[in-house]
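J.: Dropping the structure in here first, questions after.
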Amino acid sequence: MDTNIRECIWTSNVLYPLCDMLMRDAPLGIVSQSPNIMDLVKCDDATLLYKNKVWRLGVTPSESQIREITLWLSECHKDPIGLSTYSLSNTGFPGATTLGDTTCGMAVVRISSKDIVFWFRSHTTTEIRWGGAKHEPGERDDGSRMHPISSFKAFLEVVKTRSLPWKDYEMDIIHSLQLILRNAFKDNESMEISTYAINTRLSDLKIEGMQEREVVTSEMVRFIETATVPNRCPKRRKEFETEMENGRRKKQTRRQTENVRVGGGTASENEKEV
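The opening position of the sequence shown corresponds to residue 1 in the UniProt record's numbering, with each subsequent residue numbered one higher.
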């Protein structure tokens, strides 16, 4: 595929939703508004576990099953980056059988030690088209080989516990959101609107409407191109973290300046300054 076409698809299908998520209340906005986390990658269900509360998009898994998966992750998969699998059964989740065919694959990332984002996929049998040889109704296995129909049934038993695999570019997208949220919520336990670096730039430039979105997009393109997956480009990630820190300091300095103005000026003067 042409590189320009890929960039256009990336921008329209992925980048804009990510930008929209950043420019509203986080993290609940990623599940309560549109676009949401289900628009980022192909999935059947998605869930946000935040402050010990569960927000689900879709009908499965249930809240109790989400908590069961969370407990299993805390005990068996402590990687701070997260986990992706096309088969919870093969990965060793003890409650996989209770999930049925509707939940087989899962991608999960941590945005803090206790806050997690989940994506789920159902089994793949609906996507399979059998191309084996035709068989007669009375055909049976003779012990030395399997006839096509028996072979296919055995194959279905395997794939019914599997989902479509998570592609590299899909995991890039998921980890992009993870990095963005982690940086946005750094040193901010209340998880308020905290896209301070981007918002500071927008305030300084006094950009409104579509111009605001264009600036956010350009910033995100520059970041996501090299920092979508943790540790892929340590130098670029360090630059981004430095930029975020500078943004936080600017914001703090501005607040201190405003406090001084409020303490030393009249009410009308303070309103003008704000």
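Positions of the beta carbon are idealized from the N, C-alpha and C atoms, including for glycine. Keep in mind it's a predicted model, so treat the numbers as computed, not measured.
Which of the three DSSP states, helix, strand or coil, is assigned to residue 172?
T.: As a position in the sequence shown, residue 172 is number 172, starting the count at 1. Three-state result, residue 172: helix.
J.: Give the straight-line distance between the Cα atoms of residue 99 and residue 38, rounded to the nearest whole angstrom.
T.: Counted from its first residue, the sequence shown places residue 99 at position 99. Counted from its first residue, the sequence shown places residue 38 at position 38. Rounded to whole angstroms, residue 99 to residue 38 spans 20 angstroms at the Cα level.
J.: Run through the stretch 21-81 for me and flag every whole beta strand (DSSP E) of 3 or more residues, listed as ranges in chain order.
T.: 45-50, 53-57
J.: For residue 97 versus residue 89, is the C-beta spacing smaller than 9 angstroms?
T.: On the sequence shown, residue 97 is found 97 positions in, with the first residue counted as 1. On the sequence shown, residue 89 is found 89 positions in, with the first residue counted as 1. Contact: yes.
J.: So, do the stretch 72-82 and the stretch 50-61 have three or more beta carbon pairs nearer to each other than 8 angstroms?
T.: no
J.: How far does the alpha helix (DSSP H) with residue 164 in it reach, from first residue to last?
T.: Stepping through the sequence shown from its first residue, residue 164 is reached at position 164. Unbroken run through residue 164: none, as it is neither H nor E.
J.: Indicate the three-state DSSP secondary structure (helix, strand or coil) for residue 180 in the structure shown.
T.: Mapped onto the sequence shown, residue 180 falls at position 180. In the structure shown, residue 180 sits in a helix (DSSP, three-state: H, G or I).
J.: Can you tell me where the alpha helix (DSSP H) holding residue 112 begins and where it ends?
T.: Within the sequence shown, residue 112 is the residue found at index 112, counting from 1. Counting along the chain, residue 112 falls outside any alpha helix (DSSP H), and DSSP gives it neither H nor E.
J.: Residue 92: buried (16+ other C-beta within 10 angstroms of its C-beta) or exposed?
T.: For the purposes of this step, residue 92 is identified with residue 92 of the sequence shown, where counting begins at 1. So residue 92 counts as exposed.
J.: On the premise that residue 163 lies in contact with residue 105, defined as a C-beta separation below 8 angstroms, what is that separation, rounded to the nearest angstrom?
T.: Here residue 105 refers to the residue found at position 105 of the sequence shown. Here residue 163 refers to the residue found at position 163 of the sequence shown. At roughly 3 angstroms, the Cβ-Cβ gap stays under 8 angstroms, so residue 105 and residue 163 are in contact.
J.: From residue 43 to residue 119, what does the alpha carbon distance come to, in whole angstroms?
T.: Mapped onto the sequence shown, residue 43 falls at position 43. Mapped onto the sequence shown, residue 119 falls at position 119. If I take the Cα positions, the gap works out to 6 angstroms.
J.: Using the Cβ count rule (16 or more neighbours within 10 Å means buried), how would you classify residue 169?
T.: The sequence position of residue 169 within the sequence shown is 169, counting from 1. By the neighbour-count rule (16 or more Cβ atoms within 10 Å), residue 169 is not buried but exposed.
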